[in-house]
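Student: Note that this note's numbering has the sequence shown beginning at 1066, numbered continuously upward. Here a beta-carbon is modelled for each residue, glycine too, at the ideal position from N, C-alpha and C. Computed from a prediction, not measured in an experiment: that's the story for all the values here. Before I ask anything, here is the structure I am working with.
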Amino acid sequence: MFVRAWSRRVFYGYVMVVALWLIYFVNLTMFLYGAAVLNAKMISAVGLDSATVGIAVSLCTVMQGVSGPVLGMLIVRKGVRTPMIFGTSLLIAGAFLIAFFTEHEVCFVVFYGLIVGTGMGLSGVLAVQSTVNCWFDRKKALAMALVLSAGGIGGFVVPLILNGVAETWSWRHGWMLIGALGCVSLFISLFVVVGRPEDIAEIPDGKNCKHPAGQAREALCGAGRAIPLREVYRSSAFYGMLACTATRSALHYSIMGHLVIYLMQAGISSTAAALSLSVLSAFSLVGRLAVGLISESVLSPRTSASLGNVLMGIGMLIINTMPSVKGVYGCAALIGLGFGSGYVSMPLTISRYFGNDNFPVISGITTPINH
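Right, here's the structure in full:
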């Protein structure tokens, strides 16, 4: 009834952008950035050691990567709602299990590493991107950028919120809050999300549109027309896409894991080092939104993705010369801008090159590389 009521008033794809933003914010940022804050509180409260937390986080990352290819095939066969609902249910279960039943190390590794990791993989970025891909064509870049902006915004606000909850009450209350918000995400998945516009007699963008100039020149197939996967695997574009994704992921995880430590060892204060990550996150959001606002006729997704990697590489090379603190912030801005633009451009590139129908499977193949 909710879907029918809104579809009569406005193009339902706009409702989907809001719904997917909220799902991404809860299912990814709350469980990723929120966990980073709460895990630190748990180390002293429960008696966990940093090695155990590292194992749980690594297992969570592995489960997200492993679930990618399976999720891609599941979306093709069952649609996006089934894995999204199941994955969100796992996240809710994992959050409340951690809150009430984490008494020793093995519990946390199973609850966070296995259950939460699988839930994030099934209901996270691939499910969200696939849904945006189905609902939009001409305005796909803008819609994708708006939805994925939840990650950049969440990187700012979620640690502050959950740190406040943990300081005021306890880390258990933090996980209870995450679980409660997971219930909201589950409600949206059940009653708001529609996998494809044709399921409610609509079409992408709400009207027939011509494709952006330049799109047809770089695509291997017509928009929306699937080509056999064996042709995809034989194309140089497929392996170029994998190389671009692997490069961006390697640069990003290297920076996130070592930047603060590297800067502090070089004599920069911990406050300035931490602020560099905030600058990186802020410009990552700028990069995501910029890709959505710049017309594809001006800068194609393929070019944006490649340029993003170049900006990240330049930032990392300059920061190795140990410039002034302001220079470090400038490098962090370049790295964030490059990562943000590439993060949005890559799913657009996959869609434009290989067709909407192949998007879930091909994106699923890239998921283990991203993690």
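(1) Grouping DSSP H, G and I as helix and E and B as strand, with all else coil, what is P1277?
(2) In three-state DSSP terms, what is R1237?
(3) By how many angstroms is the C-alpha of I1243 removed from the C-alpha of I1157?
(4) Are L1085 and V1230 close, meaning C-beta to C-beta below 8 Å?
(5) Express the C-alpha separation of P1412 and V1190 in angstroms, rounding to a whole number.
(6) Judging by CA-CA distance, which residue of M1107, P1388, G1352 is the nearest neighbour of F1166?
(7) Quick check on the DSSP output: the alpha helix (DSSP H) that includes A1337 runs from which residue to which?
(8) Apart from the five residues on each side of it in sequence, which residues of its chain come closer than 8 Å, Cβ to Cβ, to A1208?
(9) Please return the same chain residues whose Cβ sits closer than 7 Å to the Cβ of A1281, not counting the five positions on each side in sequence.
(10) What do you reckon, are the CB atoms on E1170 and T1117 nearer than 8 Å?
(11) What is the residue span of the alpha helix (DSSP H) that P1148 lies within?
(12) Between the alpha carbons of M1381 and A1338, how many angstroms are there, rounded?
(13) Residues in the same chain with beta-carbon distance under 8 Å from C1248, minus the five sequence neighbours each way, listed in chain order, please.
(14) Suppose you measure from the CA of M1095 to the CA of Q1330; what does that come to, to the nearest Å?
(15) So what does DSSP say about I1268, is it helix, strand or coil?
Tutor: Looking at the atomic coordinates:
(1) Along the sequence shown, one-based indexing puts residue 1277 at 212. Below a pLDDT of 50, predicted positions are generally treated as unreliable, and P1277, at 48, falls in that range; no measurement from the model is reported.
(2) By 1-based counting over the sequence shown, the position of residue 1237 is 172. Helix.
(3) Within the sequence shown, the letter at position 92 stands for residue 1157. Within the sequence shown, the letter at position 178 stands for residue 1243. Near 8 Å, if we compare the C-alpha coordinates of I1243 and I1157.
(4) For the purposes of this step, residue 1085 is taken as the residue at position 20 of the sequence shown. For the purposes of this step, residue 1230 is taken as the residue at position 165 of the sequence shown. Contact annotation: L1085 and V1230 have beta-carbon atoms that are not nearer than 8 Å.
(5) Mapped onto the sequence shown, residue 1190 falls at position 125. Mapped onto the sequence shown, residue 1412 falls at position 347. Whole-angstrom Cα-Cα distance: 10 Å.
(6) Taking the first residue of the sequence shown as 1, we reach residue 1166 at position 101. Measuring C-alpha to C-alpha distances from F1166 to each of M1107, P1388, G1352 identifies M1107 as the nearest.
(7) Position 272 of the sequence shown, counted from the first residue, corresponds to residue 1337. Per DSSP, A1337 belongs to the alpha helix (DSSP H) from 1335-1358.
(8) In the sequence shown, residue 1208 corresponds to position 143, counting from 1. These residues qualify, in order along the chain: G1078, V1082, V1197, W1200, F1201, G1357.
(9) The residue given as residue 1281 occupies position 216 in the sequence shown. In this predicted model, A1281 has a pLDDT of only 41, less than 50, meaning its place in the structure is not dependable; the value taken from the coordinates is given anyway. For A1281, where only same-chain residues beyond five positions count, there are no Cβ hits under 7 Å.
(10) In the sequence shown, residue 1170 corresponds to position 105, counting from 1. In the sequence shown, residue 1117 corresponds to position 52, counting from 1. Result yes, Cβ atoms of E1170 and T1117 sit closer than 8 Å.
(11) By one-based count along the sequence shown, residue 1148 stands at place 83. Unbroken alpha helix (DSSP H) run through P1148: 1146-1166.
(12) By one-based count along the sequence shown, residue 1381 stands at place 316. By one-based count along the sequence shown, residue 1338 stands at place 273. Going from the Cα of M1381 to the Cα of A1338 covers about 15 Å.
(13) As a first step, residue 1248 must be located in the sequence shown, where it is residue number 183. Same-chain partners within the cutoff: I1157.
(14) As a working mapping, residue 1095 is identified with position 30 in the sequence shown. As a working mapping, residue 1330 is identified with position 265 in the sequence shown. The straight-line gap from Cα to Cα measures roughly 30 Å.
(15) In the sequence shown, the residue the question calls residue 1268 occupies position 203. Here I1268 sits in coil by DSSP.
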